[in-house]
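Novice:
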Amino acid sequence: MKGKINPRRYRSAYLASSSGEECRYEKEAWEECDSSGQQRRVLRLKASRSVTTNCEPQKFITRQCKKSQSNQLNCRYSKGVWSDCVNGSKHRIDTIKSISSTGCENSRNITKKCKEQCNYVKSDWSLCENGMKSKTLTLQSETSARTG
């Protein structure tokens, strides 16, 4: 059973070790946002009554900074062009606008999941029945969408 952490609500977290033992961790405060827009929190293992434990002494949680937090460095980037979708994701490389921005990376790599593209074959409208018309959409298979 893998524990799920809501980092805003609780001061401690319960996570399962690799052997399935429940491990209890104390959460430290979030660290400052780094230049890549990431923020880290340390989880330290709480003292256990049992002598032996398979729990890691500390774990880390990483999250994206909120826009207002990541902009504290005033890093301004020129947005690059999105790549084509490969294996369900796309990326772009943004470059820094002003090199004088101290603490900012010269470039940043942004990755996003691609929205699944669905192609449909649409039928003609039906005849009016009880004041309504309908149209059938048939999902086109991936291979026929490429050739058609």
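Each residue of the sequence shown is one higher than the one before, starting from 1 at the first, in the UniProt record's numbering. We put the beta carbon where it would ideally sit given N, CA and C, even for glycine. These figures come from a predicted structure and were not determined experimentally.
Is the Cβ of N119 closer than 7 Å to any Cβ of chain D?
Specialist: Here there is only one protein chain, and chain D is not present.
Novice: On the DSSP bridge list, what partners appear for R44?
Specialist: E26, Q58
Novice: Which term fits G20, buried or exposed, when burial requires 16 or more other beta carbons within 10 angstroms of its beta carbon?
Specialist: exposed
Novice: With distances taken between CB atoms, is the gap from C55 to L45 smaller than 7 Å?
Specialist: yes
Novice: Are R40 and E31 closer than 7 Å when you measure CB to CB?
Specialist: yes
Novice: Beta-carbon within less than 6 Å of residue 150's beta-carbon, same chain only, minus the 5 sequence neighbours each way: which residues are those?
Specialist: Not covered by the structure: residue 150. The range shown for the chain is 1 to 148.
Novice: N109 to G103, Cα distance in whole Å?
Specialist: 16 Å
Novice: What's the gap between the Cα of E105 and the Cα of C118?
Specialist: 37 Å
Novice: Take T95 as the anchor and find which of V81, G88, S89, N87 has the nearest alpha-carbon.
Specialist: Of the candidates V81, G88, S89, N87, the one whose C-alpha sits nearest the C-alpha of T95 is V81.
Novice: Give me the residue from V121, W125, M132 with the minimum Cα distance to T138.
Specialist: V121
Novice: For C128, count neighbouring C-beta atoms within 10 Å of its own C-beta (all shown protein chains included) and say buried if the count is 16 or more, exposed if not.
Specialist: exposed
Novice: Using a 10 Å radius around the Cβ and a threshold of 16 neighbouring Cβ atoms, would you call G37 buried or exposed?
Specialist: buried
Novice: Along the beta strand (DSSP E) that carries L127, what are the first and last residues, could you check?
Specialist: No beta strand (DSSP E) holds L127; DSSP gives it neither H nor E.
Novice: If I measure Cβ to Cβ from K112 and keep anything under 7 Å in the same chain, skipping five residues before and after, which residues do I get?
Specialist: S89, K90
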